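Start counting the sequence shown at -14; every next residue gets the next number (my numbering). Ideal placement from N, C-alpha and C gives every residue a C-beta, glycine not left out. Nothing here was measured: the structure is a model prediction, and the numbers come from that model. Read through the structure below, which is laid out as structure tokens, and then see the notes.
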Amino acid sequence: MTSAAIPLIDISASELVDTQIIEQFYTPQLLQKVLTTTLDFMQAQSDIVLPYFSEVEPSIWQHKPKQLGIYITDAVEGRALNLEARDKDYATNILSYPSELPAFIIEQMPELALGELIVCHDVVKQQAAEQHKTVAEHVTHLLVHGILHLLGFDHELGQAQQDEMEGFEIAILEQLGIGNPYLAR
-14 MTSAAIPLID ISASELVDTQ IIEQFYTPQL LQKVLTTTLD FMQAQSDIVL
36 PYFSEVEPSI WQHKPKQLGI YITDAVEGRA LNLEARDKDY ATNILSYPSE
86 LPAFIIEQMP ELALGELIVC HDVVKQQAAE QHKTVAEHVT HLLVHGILHL
136 LGFDHELGQA QQDEMEGFEI AILEQLGIGN PYLAR
């Protein structure tokens, strides 16, 4: 990573999620690689402003360790969380909860909290099969997608925002050795 600080990742899971799933698809090494690659890519985009961190001093952004929480859940809890958060009554693949802390608070904290990602592995596995992708590739794509949401990017705001976010995802995934997830297989 180009910044001096290594990101901190807190991984937790519902007790209904098999530990083998965590050990296979959500290892600290994978999560660290995805987060670091995403942050490095975005930091290299000198003309891009990170919407949720636009007021944070660049030196603070660059040098503070980033903190990310990841929670893996099942379809039942995923559905309940999606209903509560987005008023949509189905389990979705990933939910993003940005920290949205004010810059003056971020300056005082030892880490820069990006937020929390909630991954519904049941949905991820189903979508991977439907899209003819490996589960590992789809997990990686959705983690990149979720991290971009935590930085303030939102594909649901319009076509230009969707195109921008998908472009970032494609480029970051390429650096991770994964092809364009939007091409039919």
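C-alpha gap between residue i and residue j, whole angstroms
i, j, result
"Ile103", "Glu159", "24 Å"
"Phe26", "Ile157", "7 Å"
"Ile33", "Ser39", "10 Å"
"Thr4", "Asp(-5)", "15 Å"
"Phe138", "Met150", "7 Å"
"Ala169", "Lys118", "10 Å"
"Ala113", "His123", "6 Å"
"Leu15", "Leu161", "10 Å"
"Tyr37", "Glu85", "6 Å"
"Ile45", "Ile163", "31 Å"
"Gly100", "Leu1", "23 Å"
"Pro83", "Ala121", "24 Å"
"Gln116", "Thr77", "15 Å"
"Asp59", "Gln17", "23 Å"
"Ser31", "Pro43", "11 Å"
"Pro13", "Ile132", "15 Å"
"Ala70", "Glu96", "26 Å"
"Arg128", "Gln9", "Checking the sequence shown, residue 128 turns out to be Leu, not Arg. Between Leu128 and Gln9, the C-alpha separation is close to 15 Å."
"Phe153", "Cys105", "23 Å"
"His130", "Val19", "10 Å"
"Val61", "Asp72", "15 Å"
Sequence-distant residues of its chain with Cβ nearer than 6 Å to residue i (five each side left out)
i, result
"Ala(-2)", "Ile7, Ile57"
"Val41", "Ala88, Ile91"
"Gly54", "Asp(-5), Glu101"
Boundaries (first-last residue) of the alpha helix (DSSP H) holding residue i
i, result
"Gln5", "4 to 10"
Residue range of the beta strand (DSSP E) that includes residue i
i, result
"Ala(-2)", "-7 to -2"
Option in the options with minimal Cα separation from residue i
i, options, result
"Ile79", "Gln146, His126, Thr12, Ile155", "His126"
"Thr21", "Gln47, Val41, Gln9, Glu42", "Gln47"
"Lys51", "Ala98, Met94, Val19", "Ala98"
"Asp107", "Pro95, Tyr75, Leu53", "Tyr75"
"Leu66", "Leu53, Ser81, Gly54", "Ser81"
"Gln93", "Pro13, Lys49, Lys73", "Lys49"
"Leu136", "Leu(-7), Phe153, Leu35", "Leu35"
"Gly63", "Val109, Pro95, Glu96, Ala29", "Val109"
Nonlocal neighbours in the same chain, by C-beta distance under 8 Å from residue i, ignoring five residues either side
i, result
"Ile155", "Asn165, Pro166, Tyr167"
Closer than 9 Å to chain C by CB, residue i
i, result
"Gln147", "The chain labelled as chain C is not found in the depicted structure, where only one protein chain is given."
Please give the ranges of any alpha helix (DSSP H) in the segment 105 to 165, keeping only runs that are unbroken, at least 4 residues long and fully inside the region. Listed in chain order, the alpha helix (DSSP H) elements of length 4 or more contained wholly in the segment 105 to 165 are 106 to 115, 120 to 136, 144 to 160.
At which residue ranges does the segment 3 to 89 contain complete beta strand (DSSP E) runs of 3 or more residues, listed in the order of the chain? As for any beta strand (DSSP E) of minimum length 3 sitting wholly inside the segment 3 to 89, the runs are 51 to 58, 79 to 83, ordered along the chain.
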